[in-house]
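To start, the structure under review is shown below, and the notes come after it.
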Amino acid sequence: MTALLPALRPLIGALLAVCACYALGSLLLARLGITLWRAEKFPLAFTLGAAALHLILFTILTLHVAYAPVVIAIPIVAIASAFFTGDYRLPAGTQQEAVRWWPTRTVRCLLLAAVTLYTVLYFFNAWAPEISPDGASYHLPMIAGYLRVHGFEAVPTNVYSTLSEGVELIFMPAFAIGGGSAAALVHLSFLIALGLMIRAYGRRIGHALAGEAAAVLVYLSPVAGIDATSAYVDAAVAAIVFSVFYWTELWDADRRNALLVCVGAMGGYCYAAKYTAAFIVVYALIFIFWRVRDWRPAALVLACAATMAVPWMLKDWVYVHNPIAPFGNRLFRNPYIHVEFERAWTEFLRTYGANGWRKILRDIFFDGQVTGTPLGPVFLLLPLGLLALRKRQGRHLLLAGGILLTTYFANISTRFLLPSLPFFTLALTMAFESVPIAFAVIVLFHTWVSWPPQLRRYTKAELAIRHIPVKAALRRQSPHDYMSNSGDYRLARLIARTVPAGEKVLVLESVAALYAERETLICYEGALNEQLCDMLTAAWDPFSDASRALVFRFPEHALTAIRVVQTAKPSTPDEQWSIFELRMYRGAAEVPRVGDWRLNAFPNPWDVHYAFDNSPVTRWRSWETAAPNMYVTVRFPAGVRADQVRIETSADNSDLKLRLEEIDTGGTWKTLSATPEEFTLSHEESLRRSAAYQLRAHGIGYVFVHDDDHDRGGPLFAEDPESWDFTPMAHAEGATIYKVGR
Amino acid sequence: VVLFLVRYSSEEVNIAVRAICFVLAAVAFGSCDRVPDSFHLPVQQPRIDDPQTWERVVRMTDVDARDTFVADIFEPLAANWRWTGKNPTIRLMAPPHLHRAYRIEFDIPEQSFRVTGPVVLKFLVNGHVLGRQQYTAAGSYTFEKDVPPEWIADGGAVTLGAEIDKVQPAPNRPPYGFLMVAMGLKRSG
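Taken in sequence, the protein lines are chains A and B. Per my numbering, the first sequence starts with residue 5, numbered consecutively. Per my numbering, the second sequence starts with residue 11, numbered consecutively.
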């Protein structure tokens with residue numbers, strides 16, 4: 005039994021979370037007086053309960069009482085409550101007329117066989133130790149961090165911590181018991197719930213076979229499989245989104261306010277699960293308003309949605325001063341997420357560097373090279389789903405799917421199609437329901453081409469289900485051995501072995517943080533991280549280092565405040581304004597910087613001190629596209645006499661024009677000089693050691709970098725670590741961990 | 011809250027609407043976080059040298075180039091060069107260490123060459139002649155050579171110079187030597 009425990013823990017953890025969701029959902033349904041069909045109770049109660057459980061766990065985390073016993077006790081209490089009230093029971097089944105037509109029976113047998121086969125495949129993959137890239141790098145590390153500190157904590161160095169984590173919170177009780185694979189099993193249960201929901205909806209609208217076929221097509225899709233068997237959230241999001249549609253349809257049939265509560269709660273939970281999913285609320289609001297031409301039901305939906313969504317806004321507001329972080333940083337300016345990060349990140353997500361829609365479409369259906377695991381070629385038939393426009397439910401499905409699809413273009417990873425996929429797939433199968441033989445062919449084809457050995461023949465996706473890892477799932481193969489097949493895991497363990505506990509590691513690429521077990525700051529994942537990496541870059545990249553000096557000369561006189569104003573509009577959006585140092589001179593001598601100087605800047609005032617710290621590698625940057633009227637201001641309460649202002653900057657903002665202003669006795673700014681002379685800057689001091697000094701000053705003890713990462717200076721660290729004041733501590737697979745200092 | 015809404019949902023919704031409007035407005039306004047008026051000066055970073063990697067090649071365009079001039083390098087700065095006299099000299103403060111190379115980048119302009127013909131330049135480090143080179147055509151040149159360690163082993167002020175054997179006379183001013191672009195010590199070996 006003891007030997008079985010490691011294998012059973014993920015199952016126990018997942019079972020607890022799933023049962024708790026169902027139990028809470030059942031309790032809520034009973035309190036709301038909602039009666040569902042037998043086929044739809046489990047998936048709808050499960051997703052509704054997940055929304056409720058997430059809110060309870062959110063409260064627990066906010067109160068900082070998220071100790072493991074508490075996190076585990078909550079699901080147990082929920083399950084016990086449903087048991088004692090009897091609300092867990094499924095309603096009696098409706099007597100269905102036996103299907104006698106042999107083609108329909110044959111198709112149903114085929115669907116059942118396909119689902120059974122793939123469920124075994126998925127189950128063992130989810131049960132095996134979890135090493136998915138996003139799961140191990142941020143979905144689960146966040147949960148692990150909350151459990152460690154028993155509540156929410158500010159993680160300003162990880163932009164992913166600002167995303168809503170409604171699904172991750174459902175993983176939490178499971179994770180507390182069974183680790184990462186328990187979370188993956190919970191996620192798989194959402195995919196199963198989605199399939200059951202699609203099937204039940206088909207039955208409810210009188211298109212049972214179409215619903216079953218659509219459920220199977222979605223369930224078997226390679227992207228759904230790999231996503232749901234990992235600690236990701238997309239399959240869960242798809243289930244939650246579809247439940248909003250489902251509740252909306254139920255309300256349309258019954259028009260009870262209790263159903264609107266479910267619509268709203270699940271709509272808000274969509275926001276809590278993934279921001280883009282909240283667009284389904286737009287559909288629900290439009291639909292409800294259109295049906296009754298009364299704003300009050302829509303307002304009720306919105307209010308219920310707010311109960312699920314607003315807590316996440318408040319969390320971001322408190323921790324990063326931006327309720328919609330990591331977006332909207334230009335509106336809600338904060339020191340934690342750069343506007344430039346948001347611009348570059350969202351721009352990347354819109355293309356993933358792929359050239360043209362032809363390539364992207366190939367990727368979505370077959371290749372998966374750039375946009376990740378594909379949908380599968382069978383979904384090329386989706387345009388035929390437009391035939392469903394002839395039916396009322398078909399129009400509803402296509403409208404909801406269409407609204408969700410608009411969000412896809414913000415992130416073209418194939419898994420972002422999962423929320424709209426059930427709608428389009430059901431529309432497709434509804435269009436062909438009268439030809440069951442077509443289903444048989446399509447499902448057979450889909451089952452064949454989505455099976456791992458066949459999938460490998462046409463996809464180039466790095467992430468895909470490869471086999472059925474029975475030994476790993478049963479822990480007959482140690483998790484370490486199993487996960488050692490992953491380079492991410494091996495490198496994460498290298499960090500764990502090399503870096504002492506409590507030390508911070510600056511990681512110049514991504515890392516499976518869950519297994520690194522150290523605080524890792526990844527270059528792009530936070531404002532401070534970006535600043536630290538910029539310090540390193542300024543020590544080696546001639547385009548980014550302090551190589552230019554702009555000198556404003558003027559007649560010597562007393563100054564009480566000066567302001568350097570940027571006046572040009574750059575030609576490219578990635579051109580920022582930066583100042584390494586702003587120095588005052590009188591004659592040939594620099595005016596000493598004294599303590600009463602007061603500094604300010606717009607934008608990014610929080611970093612203005614970097615322009616006055618006498619470091620050749622730190623700089624104040626706008627961290628957004630340079631624009632006219634950006635400024636850096638220095639006030640001299642005691643006044644200074646000067647005849648020169650020297651701006652030390654880099655070659656990467658040479659298009660910009662600067663103007664020096666001083667404040668006059670009337671308090672208005674007037675131009676002192678608009679024609680700086682430009683010089684070069686050569687450094688005698690060691691930029692490399694200055695960068696190391698700054699890393700230490702910011703609490704960074706270690707740097708992790710791939711030796712061949714030219715964009716991050718990897719070869720330069722490897723060639724001469726001593727010149728950086730770095731000590732190589734460990735090296736594996738072309739990556740090195742350096743200790744900062746010796 | 012959910013149970014409240016459930017109970018409430020069968021009646022009026024005005025209070026719920028007001029409540030949500032209030033919460034959203036509070037979030038929106040509250041999120042307009044006030045940025046501090048100003049910030050204090052930070053701790054100043056000390057100068058950090060690395061004797062092993064130290065190098066300094068003074069470009070005539072460097073903002074502090076004039077601080078290193080000792081003799082025969084004239085104003086004004088034109089593009090990236092300055093006229094020199096017969097014996098341009100600069101002084102650097104070098105750390106006491108080895109393995110440095112003298113480097114000079116210069117131009118012999120056509121107009122000078124027409125007057126002087128082929129010229130010989132001597133390259134000097136702390137008064138020692140490091141090299142001697144004849145130039146038989148106008149053009150851009152670079153001379154780089156390792157400095158014997160004992161010439162600069164003590165560190166401190168290091169005087170670097172070049173001496174041209176023939177100059178172009180100029181009325182009412184010192185004669186022109188050549189066009190200096192950069193001069194200094196580089197890391198070698």
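Ideal placement from N, C-alpha and C gives every residue a C-beta, glycine not left out.
{"query": "Using a Cβ-Cβ cut-off of 9 Å, state whether Leu48/B counts as contacting chain A.", "result": "Per the sequence shown, residue 48/B should be read as Ser rather than Leu. Yes, Ser48/B counts as interfacial toward chain A."}
{"query": "Which of the three DSSP states is assigned to Val12/B in this structure?", "result": "Note on Val12/B: pLDDT 46, under 50, position unreliable in the model; no value is reported."}
{"query": "How many Å lie between Arg260/A and Phe88/A at the Cα?", "result": "27 Å"}
{"query": "Is there a Cβ from chain A that is less than 9 Å from the Cβ of Arg101/B?", "result": "no"}
{"query": "Can you pull the chain B residues whose beta carbon is under 7 Å from the beta carbon of Asn618/A, in chain order?", "result": "Gln54, Gln55"}
{"query": "List the whole-angstrom C-beta distance separating Gly530/A from Pro160/A, where the pair is believed to meet the contact cut-off of C-beta under 8 Å.", "result": "6 Å"}
{"query": "Tell whether a beta-carbon distance below 9 Å holds between Val153/A and Ile174/A.", "result": "no"}
{"query": "Using a Cβ cut-off of 8 Å, pull out every chain A residue sitting near Trp91/B, in sequence order please.", "result": "Going along chain A, no residue has its Cβ under 8 Å from Trp91/B, so there is no contact; the nearest lies around 12 Å."}
{"query": "For Glu344/A, I'd like the list of residues in its chain whose CB is within less than 6 Å of its CB, leaving aside the five on either flank, ordered along the chain.", "result": "Trp627, Glu628"}
{"query": "Would you report the Cα separation of Asp59/B and Thr166/A, rounded to the nearest angstrom?", "result": "40 Å"}
{"query": "Alpha carbon to alpha carbon, how far is Tyr279/A from Ile446/A?", "result": "33 Å"}
{"query": "For Glu585/A, count the other beta carbons within 10 Å of its own beta carbon; 16 or more makes it buried, fewer makes it exposed. Which is it?", "result": "buried"}
{"query": "Is the Cβ of Arg66/B closer than 9 Å to any Cβ of chain A?", "result": "yes"}
{"query": "Can you check which of these residues, Ala276/A, Tyr223/A, Gly229/A, is closest to Val241/A by C-alpha distance?", "result": "Ala276/A"}
{"query": "Tell me the DSSP secondary structure of Tyr758/A in three-state form.", "result": "Not covered by the structure: residue 758/A. The range shown for chain A is 5 to 746."}
{"query": "Select from the stretch 692-703 of chain A all residues with a C-beta closer than 9 Å to any C-beta belonging to chain B, and list them in chain order.", "result": "Arg692, Arg693, Ser694, Ala696, Tyr697, Gln698, Ala701"}
{"query": "Counting only Cβ pairs nearer than 9 Å, list the residues of chain B close to Ala49/A.", "result": "None at all; the shortest Cβ gap to chain B is about 15 Å."}
{"query": "Beta-carbon separation of Cys25/A and Ala54/A under 9 Å?", "result": "yes"}
{"query": "Phe116/B and Leu189/B look like a contact to me (Cβ under 8 Å); what is the Cβ gap, rounded to whole Å?", "result": "6 Å"}
{"query": "Mind checking which residues open and close the beta strand (DSSP E) that includes Asn97/B?", "result": "92-104"}
{"query": "Under the DSSP definition of a beta bridge, which residues are partnered with Asn604/A?", "result": "Thr637/A"}
{"query": "Taking C-beta pairs closer than 7 Å, name the residues in chain A that Ile174/B reaches, listed in chain order.", "result": "Within 7 Å Cβ-Cβ: nothing; Ile174/B doesn't reach chain A, min ~24 Å."}
{"query": "Can you give me the start and stop residues for the alpha helix (DSSP H) that Val595/A sits inside?", "result": "Here Val595/A belongs to no alpha helix (DSSP H), and DSSP marks it neither H nor E."}
{"query": "Can you find a CB in chain A that lies within less than 9 Å of the CB of Val73/B?", "result": "yes"}
{"query": "How is Lys196/B classed by DSSP in three states: helix, strand or coil?", "result": "strand"}
{"query": "Who are the neighbours of Asp82/B on chain A, taking C-beta pairs under 8 Å?", "result": "Going along chain A, no residue has its Cβ under 8 Å from Asp82/B, so there is no contact; the nearest lies around 20 Å."}
{"query": "Got a sec, what are the start and stop residues for the beta strand (DSSP E) Lys674/A sits in?", "result": "673-677"}
{"query": "Report back the beta-carbon spacing between Leu720/A and Leu510/A to the nearest angstrom; my notes put them in contact at under 8 Å.", "result": "With 8 Å as the limit, Leu720/A and Leu510/A do not qualify as a contact, their Cβ atoms being about 15 Å apart."}
{"query": "Closer than 8 Å by beta-carbon distance: list the chain A residues that pair up with Arg69/B, in chain order.", "result": "Thr684, Ser686"}
{"query": "Considering only DSSP beta bridges, list what Gly166/B is partnered with.", "result": "Ala104/B"}
{"query": "If you reduce the DSSP assignment to three classes, tell me which class Thr6/A lands in.", "result": "coil"}
{"query": "Report the neighbours of His613/A on chain B: residues whose CB is nearer than 8 Å to its CB, in chain order.", "result": "Phe49, His50, Leu51, Pro52"}
{"query": "Where are the alpha helix (DSSP H) runs, 4 residues long or more, that stay fully inside the stretch 95-158 of chain A, in chain order?", "result": "106-131, 144-153"}
{"query": "Please tell me whether Leu603/A has its Cβ less than 9 Å away from any Cβ of chain B.", "result": "yes"}
{"query": "What separation, rounded to the nearest whole angstrom, lies between the Cα atoms of Leu691/A and His107/B?", "result": "18 Å"}
{"query": "My parser needs the alpha helix (DSSP H) runs of 4 or more residues fully inside the stretch 645-708 of chain A; what are they?", "result": "691-701"}
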